[in-house]
Amino acid sequence: MTFFDDYFVKPIIEGSGYNIVNTVTYGLLFIISLFAVKKILVHLQIKTDKKLWWKLTPLVISAGLLRALQDHHLFSFMALFQYLFVTPFIYLLIFAIAITLLLLERKIKNITIYVSSVMAIFLFFFVAVMARQWYYFSIAIALLVLSISITFLLMKITRMKFMDKINWSVVVAQTLDACSSFTAISVMGSFAEQHVVPNIIFSQLPFYLFIPLKVSLAVFAVYVIDREVRGAWNWLLKFSILVLGLGPGTRNLMTMLISN
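Given below as C-alpha cells:
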C-alpha cells in the first residue's frame, strides 16, 4: 500500500499536486473514460449537438467552483467525502449529475440547462461573498480578454473560418486556464504549478510563454479535430478539451479570488 499511498492517496489528501505516476494513470483512465462515455451516450440515445454542449458547460464551471471551495477547506466537515471534490473524483461526481439531469429531461423539459445554470450562478455568488483578491482576479480577466482579442484578430487577418462558437468556447476555456495559472504563479506568487508536463517544459522556458502556447495548442486542436474527426467523437474530443481547460481555469481563478 505504500506505493499507492505515496503516488495517489497522499497527493489527494495533502494537495501536493501531480507526479509522473498518477499523471500517466489519470491520463490513461481519462482516455478509457472517453470510450465509456461515448457508449453511454449512444446507449441512452443522447444527441451530441450544440444544445447538449451549452447545457453541460455550466456544470463544468460548477466543478471548478466546487474545487475552489474545497481548496478553501469548506467541505472539511464531510471527512473523507470532502475528497469527492478533488480530481479525479470530481469528474465522476459531475458526470453523475449530468447523466441524472439528462435522464430527468425526458420527463421535465430543459431541466438540465436550468439546474446547471442555477448551480453555477449560486456557487459563483457564494464564492464571491468570500472574495479577498479582486485585484489579481482582475489581472487574470484582463489577460484573458487581451489574449482572446489578439487571437480573434489573428483569426480575422488569416481568414480562418473554422472558429465557430463551440470552437471559440474551447479556446476561451484553455486560455482561462493559462491566464489564471500565469497570474497565480507569476504575478501573485502564492501558488505553484502542480502538473508534471508544464513543470518540465517551463523549467527550461519562461512561464509567460504558457499563455500563447496554450492558445496556439487549443486552436490547433480544434482545427485538427474538425478536419479529421466526425460525428460524436468530434463533439466528445472537443468537449473533453473544454473540460480540461474550463474546470481548472475556473478553479484557479476562484481559488485565487478567495485566498488570504
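Position in the sequence shown (from 1) plus 4 gives the number in the working numbering.
The C-beta atom is built at its ideal place from N, Cα and C for all residues, glycine as well.
The Cβ atoms of Leu261 and Ala102 do not sit closer than 9 Å to each other.
Within the same chain, and ignoring the five residues on either side of Ala135 in sequence, the residues whose Cβ sits closer than 7 Å to its Cβ are Leu261, Ile262. The stretch 161 to 181 and the stretch 237 to 248 touch, with no fewer than 3 CB-CB distances between them shorter than 8 Å. Restricting attention to Gln74, Val64, Leu217, the CA atom closest to the CA of Met123 is found in Val64. In the DSSP assignment, Pro62 falls within the alpha helix (DSSP H) that extends over 54 to 75. Ser120 is not a Cβ neighbour of Lys51, given a cutoff of 9 Å. Leu180 and Asp9 have their C-alpha atoms spaced approximately 32 Å apart. In this structure, the beta-carbon distance from Asp75 to Thr259 falls below 9 Å.
Contact annotation: the stretch 104 to 115 does not touch the stretch 80 to 93, with fewer than three C-beta pairs closer than 8 Å. Cα atoms of Thr254 and Glu197: separation of roughly 15 Å, rounded to the nearest angstrom. In the DSSP assignment, Gln178 falls within the alpha helix (DSSP H) that extends over 169 to 186. A residue is called buried when at least 16 other Cβ atoms come within 10 angstroms of its Cβ; Trp138 does not meet this threshold and is exposed.
Taking 8 Å as the upper bound for CB-CB distance, Asp230 and Phe126 are not in contact here, some 35 Å apart.
The DSSP-derived three-state label of Asn23 is coil.
Inclusion of Ile170 and Trp57 in the CB contact set at 9 Å is warranted, their separation being smaller than that value.
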